[in-house]
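Structure follows, in structure tokens:
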């Protein structure tokens, strides 16, 4: 194998490594042009791709062009040498650019063509049989030399670029499918968690929901209070989906379910190397909730250190990830919930008083089921219908004797206990 063949094989190996080392298409394509420039005396090079939105060709990445020159590189399919290559799906060689009427010099990068003559090689980038762009290279004009080997090499490289473009198309298709699915899911959730879908007839529950609805479309922090099983998570969902943030994320965090040593990193994220096993940066729940709402269930279980960071988020709308120094700004609404007596915890110095005053801006108290027993028949029917659908049953209701037993029960587990019994 001669020296030139060694260079070609080495370049193809490097390009293959570049394609497999990054999922970022622009980064990969820039690496390919850099390898071409280093290996084959390429003066300038571009990879031009079709924009599906307007069917226009646009330079995606360039070597040897300024940003302004690159931005001028836009063509219609069939226009100029590059457009012709994409239209026909066949390579073109222009031995001397200064003598080619098809060459447009749209980028205005080749102002010295009369003094320094360039050859222009352009091959199509294909996905299957479909041309999706072009790979082009400028080389100094060396007279009547054969270009077949150069075109063959560029064609191989262009086919590798085509595979990368195909992967991006598939990723974009998957991304759009996920976006569409998320929009559909949010619409379903918005319908499911409407205030009007909450089952009640009691005055106690009506008063609680009136307060929640009143604050829903504001930016105020809400504190939902009540025993376990009274529907605090349901109320938080209804508040979010009745707000102007309904189309943004609603992130739930069960503070009591997370170990103390994981809670801070779960809420605020961490940087690579922050602790053993932190192999890459990870966004926390506050970042994931950006633009939307975060629901902190059982906020009384927060550690003192996490309470301080939460207070800063509420006051300044910023924090640092665990192990990081960069300040992260967030736009997020906070809804908290607790079954604890936070006032008593403040007196015992288990909960910060300044944080309590921050989250207690608009308290909503959800009554226990024993204080709204008139809702038991409605809730029972609702759960019967729910589990009829899930289990393909046709149970019509419960008899009077069973209902009397339900009405006489104290319900320490509240609505959750009633659902489990049904």
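Residue numbers (full-length UniProt numbering): 1 to 422. Glycine included, C-beta positions come from ideal geometry on N, C-alpha and C.
For residue i, the first and last residue of its enclosing beta strand (DSSP E)
i, result
"residue 223", "222-225"
"residue 76", "74-76"
"residue 119", "118-127"
8 angstroms Cβ cutoff met for residue i and residue j
i, j, result
"residue 62", "residue 89", "no"
"residue 73", "residue 28", "no"
"residue 127", "residue 155", "no"
"residue 236", "residue 224", "yes"
"residue 238", "residue 217", "no"
"residue 41", "residue 139", "yes"
"residue 353", "residue 204", "no"
"residue 94", "residue 125", "no"
"residue 311", "residue 358", "yes"
"residue 418", "residue 199", "no"
"residue 306", "residue 335", "no"
"residue 290", "residue 330", "yes"
"residue 460", "residue 46", "No statement about residue 460 is possible, as the shown extent of the chain runs from 1 to 422 and does not include it."
"residue 299", "residue 255", "yes"
"residue 397", "residue 375", "no"
"residue 265", "residue 284", "yes"
"residue 65", "residue 77", "no"
"residue 15", "residue 160", "yes"
Limits of the alpha helix (DSSP H) - the one that residue i falls within
i, result
"residue 304", "304-316"
"residue 381", "376-391"
"residue 136", "Taken as a continuous stretch (DSSP letters only), residue 136 belongs to no alpha helix (DSSP H), being part of the beta strand (DSSP E) at 130-140."
"residue 405", "400-408"
"residue 362", "No alpha helix (DSSP H) contains residue 362, which is instead part of the beta strand (DSSP E) from 362-365."
"residue 232", "232-241"
"residue 419", "414-421"
"residue 371", "Looking at the DSSP string, residue 371 is not in any alpha helix (DSSP H), and its letter there is neither H nor E."
"residue 423", "There is simply no residue 423 to check, as the chain begins at 1 and stops at 422 in what is shown."
"residue 203", "203-216"
"residue 97", "From DSSP, residue 97 is part of no alpha helix (DSSP H); its letter is neither H nor E."
"residue 343", "342-347"
Residue i classed as buried or exposed, judged by whether at least 16 other C-beta atoms fall within 10 angstroms
i, result
"residue 390", "exposed"
"residue 407", "exposed"
"residue 207", "exposed"
"residue 295", "buried"
"residue 24", "exposed"
"residue 287", "buried"
"residue 1", "Bear in mind that a pLDDT of 46 at residue 1, under 50, signals an unreliable position, so the model cannot answer this."
"residue 174", "exposed"
"residue 262", "exposed"
"residue 91", "buried"
"residue 423", "Here the chain has residues from 1 to 422 only, and residue 423 is not among them."
"residue 152", "exposed"
"residue 412", "exposed"
"residue 38", "exposed"
"residue 220", "exposed"
"residue 168", "buried"
"residue 170", "exposed"
"residue 44", "buried"
"residue 333", "buried"
"residue 9", "exposed"
"residue 350", "exposed"
"residue 368", "buried"
"residue 158", "buried"
"residue 134", "buried"
"residue 212", "buried"
"residue 20", "exposed"
"residue 395", "exposed"
Closer than 7 angstroms: residue i CB and nearest the ligand GDP heavy atom
i, result
"residue 131", "Looking at this structure, you won't find the ligand GDP or any other ligand, since it has none at all."
Residue-chain proximity (residue i, chain C), Cβ-Cβ < 8 angstroms
i, result
"residue 17", "No chain C appears in this structure, which consists of one protein chain only."
Answer yes if the stretch 355-375 comes into contact with the stretch 319-328, meaning at least three C-beta pairs across the two stretches below 8 angstroms, and no otherwise. Segment contact: the stretch 319-328 against the stretch 355-375, fewer than three CB-CB distances shorter than 8 angstroms; contact not assigned.
Which runs of the beta strand (DSSP E), 3 residues or longer, sit entirely within the stretch 251-339? 293-297, 318-320, 327-329 and 333-338
Count Cβ pairs between the stretch 395-404 and the stretch 246-264 that sit closer than 8 angstroms; are there 3 or more? no
For a minimum of 4 consecutive residues, which ranges assigned as the alpha helix (DSSP H) are wholly contained in the stretch 12-84? 25-40 and 67-71
Can you confirm whether the stretch 77-88 touches the stretch 41-61 when touching is taken to mean that 3 or more C-beta pairs between the two stretches lie within less than 8 angstroms? yes
So, does the stretch 227-236 touch the stretch 326-342, judging by three or more C-beta pairs under 8 angstroms? Note that the stretch 227-236 touches the stretch 326-342; at least 3 beta-carbon pairs, one per stretch, sit closer than 8 angstroms.
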